[in-house]
Amino acid sequence: MSQALIATIGFFGGVVAAMIDGRLSVRLAAVAAGLGLAAAAAAVGGSPAALVPVVAGLAAVLLGTAGMRAAVALRWVPGLDPAVPVVAPPAALFGPRSVRAVGAALALPAASWVSLNVQVGGVATAHGAVFAVAYVWFVGCLRLLRARALDDLAAGTAVLGIAAATGWILEAGPGAIPEASAAAGLAPVAAGAAAWLAGRHRRSLRVEPEPAPAATTGEAA
Amino acid sequence: MTPIAYAGVWGGCGLLATLLLPLVRRRRLAWLAPLVAGLLALVVVVADRWPGPVATGGYGASMVIGHPGIGLLAGAGVALAATFLLAPRLDGGEVLAACFVGAATVVILSARVPIIWSVAVAAAVAALGARWIAAAPGRAALSTGRVAGLGAAALLAAAAFLPGAGPAVDTRTALAGGLLAGGICAELALVPLGGWGAAALGAVRAADLAPWLLLLAPAMLFTTGVLLPILPSGARTPLQNVLLGLGLVTAVYSGLQALRERTTAYGRVVIADLALAAAALGTQHSPARLGGYLLVLTHLCAAPLLLHPPRPGLERQRRLAWLGLVSLPPLPGFWGRFLVLQAFFAAGNRVSVPAYLAVGLLTAVAVRALVGRQRPFAPDATAAGRVGEAVAWLSVAALLGVGLAPEPIAHAIFGLG
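Protein chains in written order, with my numbering: chain Y, 1 to 221; chain U, 1001 to 1417.
As structure tokens, this is what we get:
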């Protein structure tokens, strides 16, 4: 596969991971990072190496869904909502997503510099693969740096775990899949923990709806 | 027991305590989990030679832990148990986070491959961040996730560059050194990346702070001490210089802040001592490592008492604990700082002058707490009770014992003389 194509796939995976928001953000960010980096891992380690980021992304979806369902099914436990910002954001012209978009754009030249100047592993020509990993790593850092809620931190952790795993495969080759799998394991654990917290909170919101107030005429009797 | 099984023991103890204790309405027994996990360190297979997290020759997930690591885990387990016992109240979540950090610390201390080491650091930071946000939502807890998380991200990136780093200063080797320096400084809360730690001292309760101050930060210090001599010079020099410079700045700054702010004074003293030990590692002189070990040991004994706000019934024990932190022989606070100062002295005047200043400030903080007016009790402060008082006296006895026989105790716990 051409290095330009590998870099492009990694770039799009990184952009999705940077921009995604909402209840499914951790799981979708992990899937996007995993799919985006599969080609980079395959370039060095073949199909078994490509499976590491892909399986990590899919495991994040599975563990996240299972964690959510288990938390909803278990008895009520009060807890925090990982999607609610920890502190109230100040009013600003640009919201957190816009800032992330700018950061993702700035990550492009930074990742390019890394891919052109730093050799990772024995393959000196794998510039596209190095670009893809560096870009997704920058995106993970961006998500951490601009985090407002626990969900953002979990998404950053998941993306960084997958990027680190792929980077390690690039460095050490196909023989390093066990260690890379340990790094990629951060993604499903982060997704599972975030979904568990969200499920716990969702469960606590399941209260009986209050009856609607009777209509009034607006005049005192 | 192998290190990986021991990591499982830490995690299992935390899970059991979190699931079972609320069922039997005995949340106060949470101290049992770190105590059992800490004491089981004595049955872990220990290697005479601690290779550390740089195995450039070949890859493999096998783990090897040295005597200092086992000593830290055993001591921190007991110290965490004492911290939980002396806590005014527990909500049950502390023990899970503490034991998860303990499990990650076992991996940090026993990893031979840099990626496993950095993944364990990231897992520990994630657990701490999640717990602190849950327990005390606010800017301080969020910045833990942001800054300490970025530090872990830097270590993850450094792991990919480390195996191929060479003696020549090329881009790759410089990146490895720079990323390592940034990551380690962030986890040890060194200035300018340490705002999160200082903020957490005021916002997070002692039982939640303890896993960072007693487990994660010392583990980072210990592994840095192992890592430094075996790094290629191109990566070692930037890490060494950054640790030396920022460590000294942090020690002086934290000492000043401890003098200014009484409520978080002890936490600042711990950060300053860890920073001094990190800076001493940067000198690469031989007394630095033993000095760091003794400083950590001193705080393992003092932290259970002094991290908490004052409580009725523990006034005398707290004063004696502060006495132990005065830098005069034969008090425990002296020995660690003395060895660290020896390392600075060997490195030259330019670094020893700020180190003397930092030690002077830390001594002033301890003397003020010893002879000055006691901090007023919080309105909801409860008396410690007989068990609490006994545990506090035991902590004080252990602390003063370290001062009376530092070398045999350091040898017994960390396997060093």
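A virtual CB, placed ideally from N, CA and C, is assigned to each residue, including glycine.
List the residues of chain Y whose Cβ lies closer than 9 Å to the Cβ of glycine 1138/U, in chain order. Val86, Val87
With glycine 1403/U and proline 1332/U assumed to form a contact (beta carbons below 8 Å), what rounded beta-carbon distance in angstroms separates them? 4 Å
Does the region 1009 to 1016 of chain U come close enough to the region 1096 to 1104 of chain U to have 3 or more Cβ pairs within less than 8 Å? yes
Do you know whose CA, among Pro1022/U, Ala1030/U, Gly1038/U, Leu1239/U, lies nearest tryptophan 1010/U's CA? Gly1038/U
Consult DSSP for alanine 1047/U and reduce its assignment to one of helix, strand or coil. strand
So, for leucine 144/Y: in the same chain, excluding its five sequence neighbours on each side, which residues have a beta-carbon less than 8 Å away from its beta-carbon? Asp152, Leu153, Gly156, Thr157, Leu160
For tryptophan 1212/U, which residues from the same chain have a beta carbon less than 7 Å from its beta carbon, with the 5 sequence-adjacent residues on both sides left out? Leu1128
Proline 1238/U versus Thr1298/U, Ala1412/U, Leu1175/U, residue with shortest Cα-Cα distance: Leu1175/U
So tryptophan 168/Y contacts chain U; which residues on that side make the cut at Cβ distance below 8 Å? Ile1115, Ala1159, Ala1160
Tell me which residues of the region 1002 to 1019 of chain U have at least one Cβ-Cβ distance to chain Y shorter than 7 Å, keeping chain order. none
Give me the DSSP bridge partner(s) of glycine 1066/U. Ala1047/U
State whether the region 25 to 40 of chain Y contacts the region 182 to 201 of chain Y, with contact taken as three or more CB pairs (one from each stretch) at a distance under 8 Å. yes
With a threshold of 8 Å between beta carbons, is phenylalanine 11/Y in contact with chain U? no
Please determine, among Leu1274/U, Val1054/U, Ser1143/U, Val1252/U, the residue with the shortest C-alpha to C-alpha distance to leucine 1155/U. Val1054/U
At a CB distance below 7 Å, what residues from the region 93 to 127 of chain Y approach chain U? Give them in sequence order. Asn117, Val118, Gln119, Val120
Residue burial classification, alanine 105/Y (beta-carbon count within 10 angstroms, cutoff 16): exposed
Where does methionine 945/U land, buried or exposed, given buried means 16+ other C-beta within 10 angstroms? Because chain U here runs from 1001 to 1417, residue 945/U falls outside it and cannot be looked at.
I'd like to confirm something about tryptophan 168/Y: is its beta-carbon nearer than 7 Å to some heavy atom of the ligand GDP, or not? In terms of ligand content, the structure shown is empty, and the ligand GDP therefore cannot be addressed.
Rounded to the nearest angstrom, what separates leucine 1029/U and tryptophan 1050/U at their Cα positions? 35 Å
By the criterion of Cβ-Cβ separation under 9 Å, what are the contact partners of arginine 1236/U in chain Y? Simply none; closest approach about 19 Å.
Alanine 1041/U: which of Pro1003/U, Arg1027/U, Gly1052/U sits nearest, CA to CA? Pro1003/U
Neighbour flag for glutamate 1187/U against chain Y, beta carbons, 8 Å: no
Would you grab the beta carbon distance between leucine 1180/U and alanine 1235/U for me? Rounded to a whole angstrom, and I think it's under 8 Å. 7 Å
Straight-line gap, isoleucine 20/Y to glycine 13/Y (C-alpha atoms, nearest Å): 11 Å
Counting only beta-carbon atoms, is tryptophan 137/Y nearer than 8 Å to chain U? yes
Which runs of the alpha helix (DSSP H) at least 4 residues long sit entirely within the region 1171 to 1256 of chain U? Give them in chain order. 1171 to 1187, 1195 to 1203, 1206 to 1210, 1217 to 1230
When the cut-off is 8 Å and only beta carbons count, does isoleucine 1133/U lie next to chain Y? yes
Tell me whether the beta-carbon of alanine 1123/U lies closer than 8 Å to the beta-carbon of alanine 1104/U. yes
Chain-ordered neighbours of leucine 1175/U on chain Y, where CB pairs are closer than 7 Å: Val118
Should leucine 1328/U be labelled buried (16 or more other beta-carbon atoms within 10 Å of its own) or exposed? exposed
Helix, strand or coil for glycine 185/Y, going by three-state DSSP, please let me know. coil
Cut-off 7 Å between Cβ atoms - residues of its own chain near glycine 1145/U, not counting five sequence neighbours on either side: Gly1129, Ile1133
DSSP three-state call for serine 2/Y: helix, strand or coil? coil
Have a look at alanine 1210/U and valine 86/Y and give me their C-alpha separation to the nearest angstrom. 22 Å
On the three-state DSSP scale, how would you describe glycine 1415/U? coil
Is the Cβ of arginine 1205/U closer than 8 Å to any Cβ of chain Y? no
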